[in-house]
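Engineer: Number 190 in the working numbering belongs to position 208 of the sequence shown; there are no gaps in the numbering.
Glycine included, every Cβ here is placed at the ideal spot set by N, Cα and C.
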Amino acid sequence: MIRAALSLPRTIWLLGLISFVNDAASDMIYPLVPLYLASVLMAGPKALGLIEGIAEAFGSVLKLVAGVLADRLRQMRWWVVAGYAVSGLVRPLIALSTSWLGVLACRFADRVGKGLRAAPRDALLTLSVAPAQRGLAFGLHRAMDNLGAVVGPLLAALLLALGYSLREVFFWAIVPAVLVIVLTLLVREPERTVLKPKPFRWNLSDQPVALRRYLCVLALFTLGNSSNMFLLLRARELGLGDAQVPLIWALVCGVAAVFGPPLSAWSDRVDRRRLIVGGWAVYAGFYLVFGLLPATPWLLWPLFAGYGLFLAATEGAEKALVADLVPGDQAGTAFGWYNLVAGVLLLPASLLFGWLWSDIAPLAAFAFGSACALAAALLLAFWVRPASAA
-17 MIRAALSLPR TIWLLGLISF VNDAASDMIY PLVPLYLASV LMAGPKALGL
33 IEGIAEAFGS VLKLVAGVLA DRLRQMRWWV VAGYAVSGLV RPLIALSTSW
83 LGVLACRFAD RVGKGLRAAP RDALLTLSVA PAQRGLAFGL HRAMDNLGAV
133 VGPLLAALLL ALGYSLREVF FWAIVPAVLV IVLTLLVREP ERTVLKPKPF
183 RWNLSDQPVA LRRYLCVLAL FTLGNSSNMF LLLRARELGL GDAQVPLIWA
233 LVCGVAAVFG PPLSAWSDRV DRRRLIVGGW AVYAGFYLVF GLLPATPWLL
283 WPLFAGYGLF LAATEGAEKA LVADLVPGDQ AGTAFGWYNL VAGVLLLPAS
333 LLFGWLWSDI APLAAFAFGS ACALAAALLL AFWVRPASAA
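1. How about A357 and P158: do their beta carbons lie closer than 8 Å?
2. Could you tell me whether the region -15 to 0 touches the region 199 to 216, using the rule of 3 or more Cβ pairs below 8 Å?
3. Just the Cα atoms here: how many angstroms apart are V15 and L118?
4. Can you give the beta carbon distance from L338 to A331, rounded, assuming they're within the 8 Å contact cut?
5. Under 7 Å: does the beta carbon of V63 sit that close to some heavy atom of the ligand COA?
6. Out of A52, S249, N321 and P74, point me to the one whose CA is closest to V160's CA.
7. What span of residues does the alpha helix (DSSP H) with T296 cover, start to end?
8. In the DSSP assignment, the alpha helix (DSSP H) including M211 goes from what residue to what residue?
9. Tell me the residue span of the alpha helix (DSSP H) that contains S69.
10. Which ranges does the alpha helix (DSSP H) cover as unbroken runs of at least 4 residues, wholly within the region 223 to 261, from first to last along the chain?
11. To the nearest angstrom, how far is it from the Cα of A372 to the Cα of F286?
12. Looking at the structure shown, is Y146 part of a helix, part of a strand, or coil, going by DSSP?
13. What separation, rounded to the nearest whole angstrom, lies between the Cα atoms of L257 and P135?
14. Near F120, what residues of its chain come up, given a Cβ to Cβ distance below 7 Å and the 5 sequence neighbours on each side ignored?
15. G49 and A101 look like a contact to me (Cβ under 8 Å); what is the Cβ gap, rounded to whole Å?
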């Protein structure tokens, strides 16, 4: 696997490095937003659900638009440059927010940047490697992303330990953001077969049946897969200290970074669906236990490590499966649909999760997420079959 990873094209490694630095900047801030809302702005789970739901939903619509336009214009790299630049420059402005509406505006702009870059970047990855290396390529990219998500929280924890305030930590995230912009300018456009673009339809009628079914299953899973910020908020509620919250998120990302490449590479040799089904089953058990867990802070560490295994098993394999289900000249559009479904459903998912948490109990919210994940795993195993397996 190591030899195969080293043989991957320059574009794969460069996009991985960009994701590493970008996530270091992002995750200096991301795990601290729930703390900032709760302790500084005095906002609760409902506000968090609204912020994350609106930001992710709108950004996901842009992912589809950017993916379709990138396919039709035969241009990928400038979408990547613009997307990373918008997110990197806006993200630190959360420090200037004096209410949860300010946080919403910054998170909204951050997700706009992600919406611009996500589908074109995934299409770049798809077009830069052979089909037999897709799992490894996406796994390596996600591993670099997760390594950045380890470095970011550790930097945040260090700055907090040195006496910096939450707002000051947010401002420091501008440094890696500028480096990301410089790196994106080095990305090259991939070579691709020039075909006449197909007319775009909003009803998915021109997409393969297996992809349509996969998107339906993904929608069900996402309905119970609310923002990870709720996990961090729950950890704090169960007794984890403010300085430990970024550390436990670093643990999640570290586990995902270590196990992501081998598990994703394994998906190149077996049915990818099995790996995803197993990951979703782990997620279902994790959420149920997390809802039942008493205030026992030390148990949070192995639980969050298990969540990292779920991410390692699914992040690369889910995207590689999308690439398997469509022709290469439709990759941008397919990833646009994938990101649209995964993101738009986060709005009702986060609103519902926040409502169940606040008005009933945290257990109700986590049990609902667990049930959705288990149902989605069963549907993926028995209903979604790629054309080659039918």
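Structural biologist: Let's see:
1. Sequence index remark: in the sequence shown, residue 357 carries index 375 (1-based). Sequence index remark: in the sequence shown, residue 158 carries index 176 (1-based). No, they are not a contact pair.
2. no
3. Here residue 15 refers to the residue found at position 33 when the sequence shown is read from its first residue. Here residue 118 refers to the residue found at position 136 when the sequence shown is read from its first residue. Using only the alpha carbons, I get a separation of about 32 Å.
4. Start at 1 with the first residue of the sequence shown, and residue 338 comes out as number 356. Start at 1 with the first residue of the sequence shown, and residue 331 comes out as number 349. With a Cβ gap of about 11 Å, L338 and A331 do not count as contacting.
5. Absence of the ligand COA from the depicted structure is noted, as is the absence of any ligand whatsoever, leaving it without description.
6. Walking along the sequence shown from the start, residue 160 turns up at place 178. If we check each option's Cα against that of V160, P74 comes out closest.
7. Translated into positions along the sequence shown, residue 296 becomes position 314. For T296, the uninterrupted alpha helix (DSSP H) segment begins and ends at P279 to D306.
8. Here residue 211 is taken as the residue at index 229 of the sequence shown, counted from 1. Element bounds for M211: M211 to E219.
9. The count along the sequence shown starts at 1 and reaches residue 69 at position 87. Here the alpha helix (DSSP H) through S69 covers R59 to V72.
10. 227 to 248
11. Position 390 of the sequence shown holds residue 372. Position 304 of the sequence shown holds residue 286. Any reading at A372 must be qualified, since the residue scores a pLDDT of 39, below 50, and its modelled position is unreliable; the value itself is stated next. C-alpha separation (whole angstroms): 37 Å.
12. Taking the first residue of the sequence shown as 1, we reach residue 146 at position 164. Three-state DSSP puts Y146 in coil, outside helix and strand.
13. Position 275 of the sequence shown, counted from the first residue, corresponds to residue 257. Position 153 of the sequence shown, counted from the first residue, corresponds to residue 135. Rounded to whole angstroms, L257 to P135 spans 28 Å at the Cα level.
14. Locating residue 120 in the sequence shown gives position 138, counting from the first residue. Cβ within range, chain order: L107, S246, G298, K301 and A302.
15. Numbered from its first residue, the sequence shown carries residue 49 at position 67. Numbered from its first residue, the sequence shown carries residue 101 at position 119. Confirmed, Cβ separation roughly 3 Å.
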